[in-house]
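In my numbering, the protein residues as written are 29 to 204. Think of the CB as a built atom: it goes at the ideal place given N, C-alpha and C, for glycine as much as any other residue.
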Amino acid sequence: MKKAITTVVVSLLTVVVIVLIIQYSAPKSAQVGYAAPDFRINTINHEQTVSLHDYDESFIIVNLWASWCDRCKDNFPLLDDLDDYYDDEQVKVLAVNVESLEFNDHGVAEFLQEQHYNLSFLQSNEAFETSYPYLTGVPTTYFIDEDNIVIDAMSGELNSKAIEKKIEHYFEYKNE
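See the structure below:
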């Protein structure tokens, strides 16, 4: 009888521990409040492979876009200005194209050649898109702090005042 009670208690504790581990384990995709999943993706021109950890110690803005998306393109001047303003690597903007280049290689390259942005334009891959899903479509933007924690995510056109406020708040909090 005592052995049966011990077995039941141990079994229940094991189930509780397993449930807690599953509940509190880090998600596999980017979620606010959790560590940002690392990634390895190429620049649009395939000249370089980029990883999230290449930008450790920086506030990172990851913007998901597509060349057919006008709202995405409307975000580029703001993102480019932010990237230029924080040129000292405190803030890094990564513009990640989520279109399959096998279907639209020419369109993306042509679009980028017409523009004169200094942004880091990257090409997503299947692993990246699993880790950084669209919230409600593109554009989707993730904000990642220097400890690689996703501190915010938003969908749609960006507002310069809201973005600047996020960055200012981050640096105020960081310097406390």
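Item                                                                                             : Value
Distance between beta carbons of V124 and L150, contact taken as under 8 Å                       : 5 Å
Supposed contact pair F87 and I195 - C-beta distance, whole angstroms, cut 8 Å                   : 6 Å
Euclidean distance between Cα positions of K31 and Y62                                           : 42 Å
Of the listed residues L186, G165, K202, nearest to A94 (C-alpha basis)                          : G165
Alpha carbon of L107 to alpha carbon of I177, nearest angstrom                                   : 20 Å
Rounded C-alpha distance that separates V90 from P161                                            : 12 Å
Selection from E204, F171, D175, N153 that minimises the alpha carbon distance to K193           : F171
Cβ distance (whole Å) where S148 is taken to contact A58 below 8 Å                               : That pair is no contact at about 18 Å.
Inter-residue Cα distance where the pair is L122 and I179                                        : 16 Å
Alpha-carbon to alpha-carbon, D115 and F199                                                      : 15 Å
Three-state secondary structure (DSSP) of T71                                                    : strand
C-beta contact flag for I72 and V78 at 8 Å                                                       : no
Reduced DSSP category for V36 - H, G, I as helix; E, B as strand; rest coil                      : helix
C-alpha gap between F67 and Y83, whole angstroms                                                 : 12 Å
Residue environment, V36, which counts as buried when at least 16 other CB atoms sit within 10 Å : exposed
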